[in-house]
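K.L.:
Chains as they are written, first to last, in the numbering used here: chain A, 348 to 552; chain B, 348 to 552. Using N, Cα and C, we set each Cβ at its ideal position, and we do this for glycine too. Quantities reported herein were computed from a predicted structural model and do not represent experimental measurements.
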């Protein structure tokens, strides 16, 4: 029986530790495809094309939107961010777990389009005060950006009910154990087509 | 902040290995309450009241149904099986994971009543032929019961799309690893009330 992949969506405020969890979990959750976003924002120091993001301009991005090439896209802090469908389809066909790091808008759209393949988890700091503390101490963003991130976080946190699972990242090792469990569980998600195929296989038909 | 529990529902044909998985996972998934069913069927050899089941008669069972004391109940093979709500509420209040081993009907009803607390997993053999083989080789059931179990399994397998996750129990160690992941993930489920409480706490309100 052909194994089809599944999708894990990870959302949560910048500074909550999503990227660190995904990086630290890598060795323990088996083969997966980490979806790389396409964006119109400027690369930050050290960011590489095709590794951190696919960087593009507004015109090309909008053309691809019209062509239906994006699973989801959103405007955040005045820039476009989006997820091209092609590499996602390929990874699913190969039976991989596809991991998305997207925001609450992206999650809502993806649920509508591929909901039966999706497991979702929201990662957050234990409190807003702790989020602000982490954003300030990592020292990568200016005051204005931090203010925007906090404003965003205040909106995003309202959506946690829309997620399957919530990870409160107060202790990194505990959060990592939880994240690995969610990622392993996400592989066990069966879409409608896969479920039908499995039932036929199971019956011996 | 008060921690409220969550629910894991485990379904699947008799003989697929649900009980063995739950038993083997016990040490690794932390404190949980395993919901014990109430039934009107006769105890089998070795079964103990309050451990395997609460055994009762049809009259009492039907009185409790009218009193709304059951989360769910169903008639299977001519006997009542049901889940009393009281110990479930208590365990949730204590912040425990409540594990239910119930059938597809029970799962559907529980989803309607407490859906926002539920993570569900369907456990099955890789094929129908393998299920029949396992039922025959465990030697606890007569031919008629095995036939009924197979008929039930043919109905139940149609419902796997209604479950969050599917575990195909072909290799026990692999199935166990999957089951532990699902149980750990299930603890991260937040109901609507809990999500609201968390958001208020997070904001520092």
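Flag residue 505 (chain B) as yes if its beta-carbon sits less than 8 Å from any beta-carbon of chain A, otherwise no.
P.N.:
Here residue 505 (chain B) is taken as the residue at index 158 of the second chain, counted from 1. Yes - at least one Cβ of chain A is within 8 Å of the one on residue 505 (chain B).
K.L.:
Measure from the alpha carbon of residue 372 (chain B) to the alpha carbon of each residue in B:493, B:385, B:352, B:522, then state which is nearest.
P.N.:
Counting from one through the second chain, the residue named residue 372 (chain B) turns up at place 25. Taking only the C-alpha atoms, the option nearest residue 372 (chain B) is B:522.
K.L.:
Report yes or no: do three or more beta-carbon pairs, one from the region 377-396 of chain A and one from the region 476-484 of chain A, lie closer than 8 Å?
P.N.:
Contact fails: fewer than three Cβ-Cβ distances are below 8 Å.
K.L.:
What residue from A:448, A:360, A:549 has the CA that sits closest to residue 515 (chain A)'s CA?
P.N.:
The count along the first chain starts at 1 and reaches residue 515 (chain A) at position 168. That would be A:360, whose Cα lies nearest to the Cα of residue 515 (chain A).
K.L.:
Would you mind working out which of A:484, A:452, A:472 sits nearest residue 518 (chain A), comparing C-alpha positions?
P.N.:
Taking the first chain and counting its residues from 1, the one referred to as residue 518 (chain A) is at position 171. Taking only the C-alpha atoms, the option nearest residue 518 (chain A) is A:472.
K.L.:
What is the C-beta distance between residue 429 (chain A) and residue 417 (chain A), in whole angstroms, given that I count them as a contact (C-beta under 8 Å)?
P.N.:
Translated into the one-based positions of the first chain, residue 429 (chain A) becomes position 82. Translated into the one-based positions of the first chain, residue 417 (chain A) becomes position 70. Indeed they touch by this definition, with Cβ atoms about 4 Å apart.
K.L.:
Using three-state DSSP, classify residue 399 (chain A) as helix, strand or coil.
P.N.:
For this step, residue 399 (chain A) is matched to residue 52 along the first chain. DSSP places residue 399 (chain A) in coil when its eight states are reduced to three.
K.L.:
With contact counted as at least three CB pairs below 8 Å, one residue from each stretch, are the region 525-542 of chain A and the region 419-435 of chain B in contact?
P.N.:
As far as the Cβ criterion goes, the region 525-542 of chain A does not touch the region 419-435 of chain B, which means the pair count is below three.
K.L.:
Spell out whether any CB of chain B is found under 8 Å from the CB atom of residue 435 (chain A).
P.N.:
What you label residue 435 (chain A) is simply residue 88 of the first chain in a count that begins at 1. It does not: the Cβ of residue 435 (chain A) has no partner Cβ on chain B nearer than 8 Å.
K.L.:
Considering Cα atoms alone, identify which of A:527, A:352, A:502, A:451 is closest to residue 419 (chain A).
P.N.:
Position 72 of the first chain, counted from the start, is the residue given in the question as residue 419 (chain A). Cα-wise, what sits closest to residue 419 (chain A) is A:451.
K.L.:
Short check: CB of residue 444 (chain B) to CB of residue 355 (chain B), under 8 Å?
P.N.:
Reading the second chain from its first residue, position 97 is the one you call residue 444 (chain B). Reading the second chain from its first residue, position 8 is the one you call residue 355 (chain B). It is a contact, given that the beta carbons lie within the stated cut-off.
K.L.:
Which residue or residues does DSSP assign as beta-bridge partners of residue 419 (chain B)?
P.N.:
Numbered from 1 along the second chain, position 72 holds the residue referred to as residue 419 (chain B). Paired residue(s): B:430.
K.L.:
Determine which residues of the region 424-450 of chain B have a Cβ less than 7 Å from any Cβ of chain A, and write them out in chain order.
P.N.:
Residues: none.
K.L.:
Mind checking the region 389-402 of chain B against chain A and listing, in chain order, the residues whose C-beta falls within less than 9 Å of any C-beta there?
P.N.:
Hits within the stretch: zero.
K.L.:
In whole angstroms, what is the alpha-carbon distance linking residue 382 (chain A) and residue 405 (chain A)?
P.N.:
Counted from its first residue, the first chain places residue 382 (chain A) at position 35. Counted from its first residue, the first chain places residue 405 (chain A) at position 58. Each residue's alpha carbon lies about 20 Å from the other.
K.L.:
Going by C-alpha distance, which of B:465, B:485, B:352, B:403 is nearest residue 449 (chain B)?
P.N.:
Taking the second chain and counting its residues from 1, the one referred to as residue 449 (chain B) is at position 102. It is B:465.
K.L.:
Have a look at B:543, B:385, B:485, B:476 and flag the residue whose alpha-carbon is nearest the alpha-carbon of residue 453 (chain B).
P.N.:
Residue numbering aside, residue 453 (chain B) sits at position 106 when the second chain is read from its first letter. Closest option to residue 453 (chain B), Cα to Cα, is B:385.
K.L.:
Taking all protein chains shown into account, do 16 or more other C-beta atoms lie within 10 angstroms of the C-beta of residue 332 (chain A), making it buried, or fewer, making it exposed?
P.N.:
An answer regarding residue 332 (chain A) cannot be provided, because it is not within the stretch 348 to 552 covered by chain A.
K.L.:
Which residues in the same chain as residue 469 (chain A) place their Cβ atom closer than 6 Å to its Cβ, once the five residues preceding and following it in sequence are excluded?
P.N.:
Residue mapping note: residue 469 (chain A) aligns to position 122 of the first chain, counting from 1. The answer, listed in chain order, is 358, 359, 507, 510, 513.
K.L.:
Determine whether the beta carbon atoms of residue 526 (chain B) and residue 442 (chain B) lie at a separation below 8 Å.
P.N.:
What you label residue 526 (chain B) is simply residue 179 of the second chain in a count that begins at 1. What you label residue 442 (chain B) is simply residue 95 of the second chain in a count that begins at 1. For residue 526 (chain B) and residue 442 (chain B), no; Cβs fall outside 8 Å.
K.L.:
Just the C-alpha distance for residue 487 (chain B) and residue 397 (chain B), rounded to the nearest angstrom, thanks.
P.N.:
Translated into positions along the second chain, residue 487 (chain B) becomes position 140. Translated into positions along the second chain, residue 397 (chain B) becomes position 50. Distance between the alpha carbons of residue 487 (chain B) and residue 397 (chain B): 22 Å.
K.L.:
Which residue from A:402, A:399, A:433 puts its Cα closest to that of residue 414 (chain A)?
P.N.:
As a first step, residue 414 (chain A) must be located in the first chain, where it is residue number 67. Of the listed residues, the one whose Cα sits closest to residue 414 (chain A) is A:433.
K.L.:
Strictly under 8 Å for the Cβ-Cβ distance: is residue 579 (chain A) near chain B by that measure?
P.N.:
Any answer about residue 579 (chain A) is impossible in this case: the structure gives chain A only from 348 up to 552.
K.L.:
Find the nearest neighbour of residue 505 (chain B) within the set A:492, A:549, A:377, A:400, judged by alpha-carbon distance.
P.N.:
Stepping through the second chain from its first residue, residue 505 (chain B) is reached at position 158. Selected option, being the one with the closest Cα: A:549.
K.L.:
Of all the CB atoms in chain A, is at least one closer than 8 Å to the CB of residue 545 (chain B)?
P.N.:
Taking the second chain and counting its residues from 1, one reaches residue 545 (chain B) at position 198. Yes, contact with chain A.
K.L.:
Give me the chain B residues within the contact set of residue 532 (chain A), using Cβ-Cβ distance strictly less than 7 Å, ordered along the chain.
P.N.:
Position 185 of the first chain, counted from the first residue, corresponds to residue 532 (chain A). Within 7 Å Cβ-Cβ: 512, 528, 529, 532.
K.L.:
Apply the 10 Å Cβ neighbour rule to residue 438 (chain A) and answer buried if 16 or more other Cβ atoms are within range, or exposed otherwise.
P.N.:
The count along the first chain starts at 1 and reaches residue 438 (chain A) at position 91. Label assigned to residue 438 (chain A): buried.
K.L.:
Using 8 Å as the threshold, is the C-beta distance between residue 532 (chain B) and residue 376 (chain B) below it?
P.N.:
Taking the second chain and counting its residues from 1, one reaches residue 532 (chain B) at position 185. Taking the second chain and counting its residues from 1, one reaches residue 376 (chain B) at position 29. No, they are not a contact pair.
K.L.:
Could you spell out where the alpha helix (DSSP H) holding residue 478 (chain B) opens and where it closes?
P.N.:
Stepping through the second chain from its first residue, residue 478 (chain B) is reached at position 131. Element bounds for residue 478 (chain B): 475-485.
K.L.:
Measuring only the C-alpha atoms, how far is residue 493 (chain B) from residue 368 (chain B)?
P.N.:
For this step, residue 493 (chain B) is matched to residue 146 along the second chain. For this step, residue 368 (chain B) is matched to residue 21 along the second chain. Going from the Cα of residue 493 (chain B) to the Cα of residue 368 (chain B) covers about 21 Å.
K.L.:
Within 8 Å of any Cβ in chain B, is that where the Cβ of residue 355 (chain A) sits?
P.N.:
Position 8 of the first chain, counted from the first residue, corresponds to residue 355 (chain A). Taking Cβ atoms only, chain B never reaches closer than 8 Å to residue 355 (chain A), which makes this a no.
K.L.:
When we look at the beta-carbon of residue 370 (chain A) and count the other beta-carbons within 10 Å, is it buried (16 or more) or exposed?
P.N.:
By one-based count along the first chain, residue 370 (chain A) stands at place 23. With fewer than 16 other Cβ atoms within 10 Å, it is exposed.
K.L.:
Shorter than 8 Å from the beta carbon of residue 414 (chain B) to some beta carbon of chain A?
P.N.:
For the purposes of this step, residue 414 (chain B) is identified with residue 67 of the second chain, where counting begins at 1. Chain A, which has no Cβ nearer than 8 Å to the Cβ of residue 414 (chain B), makes this no.
K.L.:
Show which residues of chain A have a CB atom less than 8 Å away from the CB atom of residue 373 (chain B).
P.N.:
In the second chain, counting from the first residue as 1, residue 373 (chain B) sits at position 26. Per Cβ cutoff of 8 Å: no residues; residue 373 (chain B) is ~16 Å from chain A at best.
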